[in-house]
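For reference, the structure discussed in these notes is given below.
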Amino acid sequence: MKLNLTNIKKAYFAAGCFWGVEYYFQKVTGVKSVISGYMGGFIENPTYEIVCSGFSGHLETIEVEFDETIVSFEKLAKLFFEIHDFTQTNGQGPDIGSQYLSAIFYSDIEQKTISENLIKELENKGFKVATTLYEKGIFYKAEEYHQNYYERHNKVPYCHSYRKIF
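Numbering of the sequence shown is given in the numbering used here, commencing with residue 13 and proceeding in unit increments.
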């Protein structure tokens, strides 16, 4: 079966350490690839060390390439909220720092609207949502040793876990 590239879209999520976020999104049917990287900062081609310093403005982010005829952006965004503490304002779990903040980098107005609606739904359920929405910027792929981290090390995430919210 030939892959129809017009159905392939990208989404960008920051939810703490990218290793755990990558782990969960790689398991979704319809997701073609997940790449760990950096987005949101003001330095070109940042390194992990620069991002961890807190001075580059980047967040650890995953790029999700998905077939929208199989999985919707909305389903991916719901998973994003269900695998991390979107109420935490200073990082994620034990990982503290600006690079671990919760954010969605939307690629178009549809992704922005879906994200806004999900945040409103969470607020209506009583959650104080710390997730920030940003227009997609330049995505920088992280170093190779960050890619497929848990798969390569036969481990499971320590600060991400799934909980049904929607």
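C-beta: ideal position from N, C-alpha, C; glycine also.
Can you give me the C-alpha to C-alpha distance between Met13 and Lys153, rounded to a whole angstrom?
With a pLDDT of only 49 at Met13, under 50, the local geometry of the prediction cannot be trusted, and the value read off the model is given with reservation. Looking at the two C-alpha atoms, the distance is approximately 29 Å.
Helix or strand or just coil, what does DSSP make of Gln159?
It is coil, neither helix nor strand.
Can you name the start and end residues of the alpha helix (DSSP H) that Thr59 belongs to?
Unbroken run through Thr59: none, as it is neither H nor E.
Kindly provide the ranges of any beta strand (DSSP E) runs that are 3 or more residues long and lie completely inside the region 32-93, ordered along the chain.
Whole beta strand (DSSP E) segments, 3+ residues: 43-51 and 71-79.
Can you tell me whether Ser45 is buried or exposed, with buried defined as 16 or more other CB within 10 angstroms of its CB?
That one is exposed.
Go ahead and label Thr58 buried or exposed: buried means 16 or more other beta carbons lie within 10 angstroms of its beta carbon, across all protein chains shown.
The sequence shown places Pro at residue 58, not Thr. Per the 10 Å Cβ criterion, buried.
Whole angstroms is fine: what's the gap from Val168's alpha carbon to Ala89's?
For Val168 and Ala89, the distance between alpha carbons rounds to 21 Å.
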